[in-house]
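Quick note on this note's numbering: the sequence shown kicks off at 10 and runs consecutively.
Idealized CB from N, CA, C, for every residue including glycine.
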Amino acid sequence: MGERRHLLEGLAGPTVALEAVNRATHEFTGRQARRAGLHPTDLWALRLLDVHGSLGPTELARRLDLRPASTTALIDRLEAAGHLERVPDPHDRRRVTVRSREESFRARLAQWEPAVRALDDVARRLSADEGEVVERYLRAVVATLDELGAG
10 MGERRHLLEG
20 LAGPTVALEA
30 VNRATHEFTG
40 RQARRAGLHP
50 TDLWALRLLD
60 VHGSLGPTEL
70 ARRLDLRPAS
80 TTALIDRLEA
90 AGHLERVPDP
100 HDRRRVTVRS
110 REESFRARLA
120 QWEPAVRALD
130 DVARRLSADE
140 GEVVERYLRA
150 VVATLDELGA
160 G
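1) Keeping to the same chain, check which residues put their C-beta closer than 8 Å to that of G6; ignore five residues upstream and five downstream.
2) When the Cβ atoms of the region 35 to 51 are set against those of the region 83 to 94, are three or more pairs found closer than 8 Å?
3) Starting from P66, trace the alpha helix (DSSP H) both ways and give me its first and last residue.
4) Assuming E94 is part of the alpha helix (DSSP H), what are its boundary residues?
5) Measure the alpha-carbon distance for I84 versus A137 and round it to whole angstroms.
6) Do you know whose CA, among L75, L27, D59, lies nearest V151's CA?
7) So, for V143: in the same chain, excluding its five sequence neighbours on each side, which residues have a beta-carbon less than 8 Å away from its beta-carbon?
8) Using CA coordinates, which residue listed in A159, Y146, L128 is at the minimum distance from F37?
9) Hey, L55 and R102: beta-carbon distance below 8 Å or not?
10) Since R108 is in the beta strand (DSSP E), which residue starts that stretch and which ends it?
11) Would you mind sorting S164 into buried or exposed? The rule is 16 or more other CB atoms within 10 Å of its CB.
Take a look at the structure:
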């Protein structure tokens, strides 16, 4: 345990807090997935589809960091459970994409809405200046992680 704590020593306060947010988000998402009868990776896949719309299996595999066979199994499982559907790519008839089904999206939205509202309440308690600083920091974190992940 001492070595693990040592890893965080000397880091800036926001970095330590961000690590705590990451841990809490991971644990909360796992609980939300279990409540919905899903594996956490399945829920992450559905969240990606909610954000990006339809994705091809290769792109979904890349974003989830899964092997193609694992992604196919995930897609088959979620399709059988009624969470997503395969649709022809409008730009390439040979290609298939997957997208979240509307009913599944609405169910997830209802499940997540209390948490989103609670976090929004926390954000609304910040002053305008504080909110701008937090938003700028978080956008920089996202850009940095995207850049690091591209390598």
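Checking against the coordinates, here is how it stands:
1) Residue 6 lies beyond the range of the chain shown here (10 to 160); nothing can be said about it.
2) yes
3) Counting from one through the sequence shown, the residue named residue 66 turns up at place 57. Run containing P66: 66 to 73, per the alpha helix (DSSP H) assignment.
4) Here residue 94 corresponds to residue number 85 of the sequence shown, with the count starting at 1. Per DSSP, E94 belongs to no alpha helix (DSSP H); it is in the beta strand (DSSP E), 93 to 98.
5) Mapped onto the sequence shown, residue 84 falls at position 75. Mapped onto the sequence shown, residue 137 falls at position 128. Cα to Cα, the separation comes out at about 42 Å.
6) Walking along the sequence shown from the start, residue 151 turns up at place 142. Among L75, L27, D59, the Cα nearest to that of V151 is on L27.
7) Against the sequence shown, residue 143 aligns to sequence position 134. Contacts found: A132, L135.
8) Counting from one through the sequence shown, the residue named residue 37 turns up at place 28. Considering only alpha carbons, the answer is L128.
9) The residue labelled residue 55 in the question sits at position 46 within the sequence shown. The residue labelled residue 102 in the question sits at position 93 within the sequence shown. No, they are not a contact pair.
10) Your numbering for residue 108 matches position 99 in the sequence shown. Looking at the DSSP string, the run of the beta strand (DSSP E) that includes R108 is 101 to 109.
11) The displayed coordinates of the chain run from 10 to 160. Any statement about residue 164 would go beyond what the structure contains.
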